[in-house]
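**Student:** Letter by letter, the sequence shown follows residues 1 to 498 in the working numbering. I'd like to ask some things about the structure below.
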Amino acid sequence: MAAIITEKFRLHNATQFEESFTESSNNVYYLFIGKSTPFTSGTSGGSDSSPPTPVDGPTDEFFAWDDMVAAKSIATNSIQRVIPRRNFSNGDTYDMYRPEYSSTVTTTSGASNLYDSTFFFITTDFRVYKILDNNSGVAYSGSEPTSTTTSPFSSGGYVLQYMYTLTAGQINNFLTADFMPVATDTTVSAAAVDGSVDSLLITAGSGYTNGTYFAAIYGDGTSAGTASGGIVRITVLNNAIQVFGLTAGTHTTIHSAGAGYTFGTVNLASGFTFSDSGLTSAAAIGGSSGAVSIIVGPKGGHGFSAPEELGGHFVMLATTLTAAEGDDITTENDFRKLGIVVDPFTYGTSSVATISTARMTYAAKLTSQAGTFDGDEKISQATTGAIGRVVEWDSANSILYYAQERFGDYGTNGTSGAYVAFSGSNVITGATSGAVGTPDSSADSAVTLAGGNTLTFADGYANPELQPDSGDIIYLENRKPISRSTDQIEDIKVIVEF
Numbered sequence: 001m002a003a004i005i006t007e008k009f010r011l012h013n014a015t016q017f018e019e020s021f022t023e024s025s026n027n028v029y030y031l032f033i034g035k036s037t038p039f040t041s042g043t044s045g046g047s048d049s050s051p052p053t054p055v056d057g058p059t060d061e062f063f064a065w066d067d068m069v070a071a072k073s074i075a076t077n078s079i080q081r082v083i084p085r086r087n088f089s090n091g092d093t094y095d096m097y098r099p100e101y102s103s104t105v106t107t108t109s110g111a112s113n114l115y116d117s118t119f120f121f122i123t124t125d126f127r128v129y130k131i132l133d134n135n136s137g138v139a140y141s142g143s144e145p146t147s148t149t150t151s152p153f154s155s156g157g158y159v160l161q162y163m164y165t166l167t168a169g170q171i172n173n174f175l176t177a178d179f180m181p182v183a184t185d186t187t188v189s190a191a192a193v194d195g196s197v198d199s200l201l202i203t204a205g206s207g208y209t210n211g212t213y214f215a216a217i218y219g220d221g222t223s224a225g226t227a228s229g230g231i232v233r234i235t236v237l238n239n240a241i242q243v244f245g246l247t248a249g250t251h252t253t254i255h256s257a258g259a260g261y262t263f264g265t266v267n268l269a270s271g272f273t274f275s276d277s278g279l280t281s282a283a284a285i286g287g288s289s290g291a292v293s294i295i296v297g298p299k300g301g302h303g304f305s306a307p308e309e310l311g312g313h314f315v316m317l318a319t320t321l322t323a324a325e326g327d328d329i330t331t332e333n334d335f336r337k338l339g340i341v342v343d344p345f346t347y348g349t350s351s352v353a354t355i356s357t358a359r360m361t362y363a364a365k366l367t368s369q370a371g372t373f374d375g376d377e378k379i380s381q382a383t384t385g386a387i388g389r390v391v392e393w394d395s396a397n398s399i400l401y402y403a404q405e406r407f408g409d410y411g412t413n414g415t416s417g418a419y420v421a422f423s424g425s426n427v428i429t430g431a432t433s434g435a436v437g438t439p440d441s442s443a444d445s446a447v448t449l450a451g452g453n454t455l456t457f458a459d460g461y462a463n464p465e466l467q468p469d470s471g472d473i474i475y476l477e478n479r480k481p482i483s484r485s486t487d488q489i490e491d492i493k494v495i496v497e498f
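Following this line, the structure appears as structure tokens:
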């Protein structure tokens with residue numbers, strides 16, 4: 001059985017995902033970072049220089065919660081529909097809009113799908129144009145286009161349709177080397193005509209009588225096949241039908257674009273071509289082997305919906321991590337993992353979280369402390385058998401932030417495999433630093449942190465702010481280590497393709 005997932009299906013899913021951020025019963029999405037300890041072959045697999053590929057399944061989702069360091073909610077103004085970036089360059093050859101590309105009808109560049117082709121580009125002024133005709137596959141030759149007319153126009157030997165211009169916000173927040181925002185210009189959209197014919201494919205043929213001829217566009221358009229419907233103006237020079245363009249007398253042009261077409265044909269036989277645009281004076285064109293084929297625009301017309309027309313089945317999520325983000329995101333360690341979790345719960349509840357940032361490490365308030373704990377070192381509590389790894393040591397407040405991963409000597413006992421939580425007033429010891437400290441079981445109050453936020457302890461311990469293993473992790477990525485510092489900003493962009 002032959003079947004495909006259509007572009008419309010991809011667009012529908014992208015739209016649903018985008019709307020899930022803002023609809024009345026919206027979802028809550030968090031970008032999270034994690035894995036402060038190195039990737040190793042004996043634990044996670046891979047290495048810091050060659051991170052492992054995440055496995056799509058429950059196991060890696062559980063692991064992501066174990067080593068999660070922090071999370072930040074993704075704001076509604078941090079999402080944007082995007083498309084692959086195609087830069088304008090004079091002398092390049094571009095593809096053209098044509099809806100029926102396939103494995104047997106390919107583009108100039110060889111693409112077998114319209115949305116994999118180069119049928120649009122962005123200029124240095126951040127204007128985006130769709131290519132309606134590429135001059136039979138010849139390189140663009142001319143200055144960069146600047147027109148913002150709502151009608152097709154000629155430039156560099158091509159026929160172009162202006163689509164939209166990026167805003168300053170879109171440029172600053174969502175434009176990358178590989179992707180660019182896609183949005184509909186309301187003026188262009190209002191001028192678009194559903195089912196109009198804005199470009200043609202010409203087969204020159206031979207033996208035609210030189211002159212100018214008019215022919216109706218038959219099909220299912222409004223008043224199709226009459227002088228009130230679509231009409232082409234055919235130019236014959238040197239006994240051949242001239243290529244499509246916008247210059248009457250030089251090119252074969254569209255005299256009237258019509259409306260309402262989903263398909264159409266032009267008949268060159270005797271009795272179907274005329275010497276006048278009113279189609280009253282028949283004039284045989286003669287010749288053979290030529291053809292004028294129409295190209296019907298997208299639903300709504302060119303420019304009506306830029307995301308649909310240009311293949312906007314990508315959604316970018318752009319989130320910025322600025323320093324410690326109110327003490328929740330450590331600047332004292334690196335991270336190797338990032339992901340997106342939807343609708344996680346507040347710790348210890350079944351309510352979807354609403355906080356803007358979340359600390360995801362465990363913490364112990366120490367007393368009788370000596371030495372300095374090192375980041376990533378193994379810590380243990382001999383009395384309970386608990387094992388963990390240091391994420392951060394806050395010497396000013398004597399707070400030890402740690403994680404317990406599901407690997408031996410990272411969060412479980414290296415011999416028995418047992419997982420034990422840190423608890424009680426039992427000494428915690430650093431394996432490499434030799435630092436020691438006793439959790440303060442009387443610490444049941446809030447501690448003010450360096451950024452002004454508070455961290456509340458119960459019997460000397462604090463839990464993560466989101467409930468581990470709640471919600472759904474829908475995106476997971478392993479990366480080479482990314483270091484953080486107090487004066488650093490991470491601008492993280494995740495592209496979701498549907």
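Note that CB positions come from ideal geometry on N, CA and C, so glycine has one too.
(1) Would you identify the three-state DSSP class for residue 19, choosing helix, strand or coil?
(2) Please determine, among 273, 421 and 426, the residue with the shortest C-alpha to C-alpha distance to residue 212.
(3) Excluding sequence positions up to five away, which residues of its chain have a Cβ less than 6 Å from the Cβ of residue 227?
(4) Which runs of the beta strand (DSSP E) at least 3 residues long sit entirely within the stretch 365-410? Give them in chain order.
(5) How should residue 56 be labelled, buried or exposed, when 16 other C-beta atoms within 10 angstroms of its C-beta is the threshold for buried?
(6) Roughly how many whole angstroms lie between the Cα atoms of residue 15 and residue 312?
(7) Beta carbon of residue 502, beta carbon of residue 159: below 8 Å?
(8) Suppose contacts are defined by Cβ-Cβ distances below 8 Å. Is residue 231 in contact with residue 214 by that definition?
(9) Spell out a yes or no on whether the stretch 188-206 and the stretch 280-299 are touching, meaning 3 or more CB-CB pairs, one atom from each, closer than 8 Å.
(10) Hey, could you find the ends of the beta strand (DSSP E) residue 198 is sitting in?
(11) Using CA coordinates, which residue listed in 402, 6 and 330 is at the minimum distance from residue 485?
(12) Look up residue 46 in the DSSP assignment and say whether it is helix, strand or coil.
(13) Report yes if the CB atom of residue 220 is closer than 8 Å to the CB atom of residue 252, and no otherwise.
(14) Just checking, does the stretch 63-75 make contact with the stretch 21-33 on the three C-beta pairs under 8 Å criterion?
(15) Within 10 angstroms of the Cβ of residue 131, are there 16 or more other Cβ atoms? Answer buried if so, exposed if not.
(16) Do you know whose CA, among 467, 317, 440 and 489, lies nearest residue 343's CA?
(17) Hey, how far is the Cα of residue 10 from the Cα of residue 186?
(18) With C-beta atoms as the reference, is residue 322 less than 8 Å away from residue 366?
(19) Would you identify the three-state DSSP class for residue 9, choosing helix, strand or coil?
(20) Straight-line CA distance for residue 47 to residue 299?
(21) Should residue 357 go down as buried or exposed, given a rule of 16 or more other Cβ atoms within 10 Å for buried?
(22) Hey, residue 499 and residue 162: beta-carbon distance below 8 Å or not?
(23) Using the Cβ count rule (16 or more neighbours within 10 Å means buried), how would you classify residue 256?
(24) When the Cα of residue 271 is compared with those of 264, 184, 286 and 423, which residue comes out closest?
(25) Can you give the beta carbon distance from residue 432 to residue 392, rounded, assuming they're within the 8 Å contact cut?
(26) Quick one, which of 97, 339, 156 and 102 has its alpha-carbon nearest residue 4's?
(27) Compute the beta-carbon to beta-carbon distance between residue 410 and residue 389, rounded to the nearest angstrom, for a pair I have assumed lies under 8 Å.
**Tutor:** The relevant details are as follows:
(1) Position 19 of the sequence shown holds residue 19. Reduced to three states, the DSSP call for residue 19 is helix.
(2) Working through the sequence shown from its first residue, we reach residue 212 at position 212. Closest option to residue 212, judged by alpha-carbon separation, among 273, 421 and 426: 273.
(3) By 1-based counting over the sequence shown, the position of residue 227 is 227. These residues qualify, in order along the chain: 278 and 279.
(4) 378-381, 386-394 and 399-403
(5) Taking the first residue of the sequence shown as 1, we reach residue 56 at position 56. Under this definition residue 56 is an exposed residue.
(6) Within the sequence shown, numbered from 1, the residue matching residue 15 stands at position 15. Within the sequence shown, numbered from 1, the residue matching residue 312 stands at position 312. Between residue 15 and residue 312, the C-alpha separation is close to 9 Å.
(7) The shown model of the chain, from 1 to 498, leaves out residue 502, and the question about it has no answer.
(8) By 1-based counting over the sequence shown, the position of residue 231 is 231. By 1-based counting over the sequence shown, the position of residue 214 is 214. Going by beta carbons, residue 231 and residue 214 fall inside the 8 Å limit.
(9) yes
(10) Working through the sequence shown from its first residue, we reach residue 198 at position 198. Note, residue 198: beta strand (DSSP E), 197-203.
(11) Locating residue 485 in the sequence shown gives position 485, where the first residue counts as 1. Answer by Cα proximity: 330.
(12) What you label residue 46 is simply residue 46 of the sequence shown in a count that begins at 1. Looking at residue 46 - three-state DSSP - the assignment turns out to be coil, as it is neither helix nor strand.
(13) Translated into the one-based positions of the sequence shown, residue 220 becomes position 220. Translated into the one-based positions of the sequence shown, residue 252 becomes position 252. No, they are not a contact pair.
(14) yes
(15) Here residue 131 corresponds to residue number 131 of the sequence shown, with the count starting at 1. Its Cβ being crowded by 16 or more others within 10 Å, residue 131 is buried.
(16) Taking the first residue of the sequence shown as 1, we reach residue 343 at position 343. Of the listed residues, the one whose Cα sits closest to residue 343 is 467.
(17) On the sequence shown, position 10 is the one that residue 10 refers to. On the sequence shown, position 186 is the one that residue 186 refers to. The alpha-carbon separation between residue 10 and residue 186 amounts to approximately 23 Å.
(18) As a position in the sequence shown, residue 322 is number 322, starting the count at 1. As a position in the sequence shown, residue 366 is number 366, starting the count at 1. Taking 8 Å as the Cβ cut-off, residue 322 and residue 366 do not qualify as a contacting pair.
(19) In the sequence shown, residue 9 corresponds to position 9, counting from 1. Helix.
(20) Position 47 of the sequence shown, counting from 1, holds the residue named residue 47. Position 299 of the sequence shown, counting from 1, holds the residue named residue 299. So the alpha carbons of these two residues sit roughly 49 Å apart.
(21) Counting from 1 along the sequence shown, the entry for residue 357 is found at position 357. Burial call: buried.
(22) Residue 499 lies beyond the residue range present for the chain, which begins at 1 and ends at 498; the question has no answer from this structure.
(23) In the sequence shown, residue 256 corresponds to position 256, counting from 1. Residue 256 should be labelled buried.
(24) Counted from its first residue, the sequence shown places residue 271 at position 271. Nearest in C-alpha terms to residue 271, of all of 264, 184, 286 and 423, is 286.
(25) The count along the sequence shown starts at 1 and reaches residue 432 at position 432. The count along the sequence shown starts at 1 and reaches residue 392 at position 392. About 16 Å separates the two Cβ atoms, so there is no contact after all.
(26) Residue 4 sits at position 4 when you count from the first residue of the sequence shown. With distances taken between Cα atoms, residue 4 lies closest to 102.
(27) As a working mapping, residue 410 is identified with position 410 in the sequence shown. As a working mapping, residue 389 is identified with position 389 in the sequence shown. 6 Å between Cβ atoms; contact.
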